[in-house]
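Asker: Be aware that the first sequence starts at 1, since it is given in our numbering, and climbs by one per residue.
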Amino acid sequence: MAHKKASKDYSFFENVYGVVRKIPKGKVSTYGLIANYLGSKQGARMVGWAMNGAHQIKPKVPAHRVVNRNGLLTGKHHFETDMAMQLALEKEGVKIENNCIVDLPKHLWDPNTALNI
DNA sequence: GCATTGACGAAGG
DNA sequence: CCCTTCGCCAATG
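1. Is it buried or exposed, A84, if we count other Cβ atoms within 10 angstroms and call 16 or more buried?
2. Measuring only the C-alpha atoms, how far is N112 from L33?
3. Is the CB-CB distance between H107 and A88 below 9 Å?
4. Using a Cβ-Cβ cutoff of less than 8 Å, which residues in the same chain neighbour I121 once the five nearest sequence positions on both sides are dropped?
5. Fully enclosed by the region 30-69, which beta strand (DSSP E) runs are 3 residues long or longer?
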């Protein structure tokens with residue numbers, strides 16, 4: 001099927017949203033992995049920036065499932081409340097401790113693998 | 001239209 | 001091991 005990477009027909013942001021929506025419940029991914037999947041391994045900043053506008057688009061983009069490479073909830077301040085991100089994750093079975101995901105590899109979802117490169 | 005910033009991350013010193 | 005610089009692309013001043 002010749003579908004390796006996302007097409008460039010859509011903006012970088014659209015691709016980001018598309019990938020993030022595919023993150024299963026109870027799983028998390030990182031900015032770097034998503035950027036890497038989109039072909040810009042150094043474009044992690046853009047993924048984060050894309051999330052900044054994710055709140056206003058539909059269908060819903062589970063931005064709370066995207067954290068930095070350390071599993072740190074760096075984007076928590078961009079939610080309605082500082083605890084919203086952590087609570088949403090814990091509700092899905094992801095344990096958080098000190099703003100950091102516990103046992104990240106256990107919950108990590110890599111689009112490069114999950115979407116069958 | 002250029003400079004700065006931004007939910008990041010790798011590489012270099 | 002800590003700090004700085006660069007790259008990524010888009011939005012803002």
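Just so you know, even glycine gets a beta-carbon here, dropped at the ideal spot from N, CA and C.
Answerer: Based on what the coordinates show:
1. A residue is called buried once 16 or more other Cβ atoms fall within 10 Å of its Cβ, and A84, having fewer, is exposed.
2. 8 Å
3. no
4. There is simply no residue 121 to check, as the chain begins at 1 and stops at 117 in what is shown.
5. none
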